[in-house]
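Notes follow once the structure below has been shown.
Numbering (our numbering), first residue to last: 504 to 618.
Structure follows, in structure tokens:
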């Protein structure tokens with residue numbers, strides 16, 4: 504859930520920037536959106552991480568396993584929000600462009616056969 508929230512915030516900022524400057528390079532827009540949300544993401548994750556770390560250190564034996572799992576989850580979620588989500592978006596865009604080119608080439612070949 505935590506990673507999903509961060510990813511939604513990053514994607515929302517990307518969408519906002521695409522609306523403001525639709526002709527700008529997509530990689531530049533995505534990079535700017537990540538840079539703008541980076542401090543917020545790190546500060547939020549660090550705050551939660553420190554809180555759970557205190558729970559891990561000073562909590563009882565019962566909560567230690569849960570706190571450890573949460574620490575791993577916060578670290579992994581923050582990593583995926585920053586370093587995985589946006590590159591996946593770029594790869595999906597490349598795949599769509601490639602598919603459009605293949606479809607266009609197929610249509611051209613079909614029209615050539617008809618002529």
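Quick reminder that beta carbons are idealized off the backbone N, C-alpha and C, glycines included.
Straight-line spacing of the CA atoms in residue 602 and residue 543 works out to 36 Å. If you check the CB distance, residue 584 and residue 524 do not come in under 9 Å.
Excluding five sequence positions before and after residue 566, the CB atoms of its chain that fall closer than 7 Å to its own CB belong to 558, given in chain order.
Within the model, the alpha-carbon separation for residue 617 versus residue 590 is close to 41 Å. Taken through DSSP and simplified to helix, strand or coil, residue 534 comes out as helix. Minimum Cα-Cα distance from residue 571 among the listed residues 508, 607, 551, 527 corresponds to 551. The beta carbon of residue 513 lies closer than 7 Å to those of 536, 537, 540, 584, 588, 589 in the same chain, with the five residues before and after it left out.
Our two residues, residue 515 and residue 610, have alpha carbons roughly 35 Å apart in a direct line.
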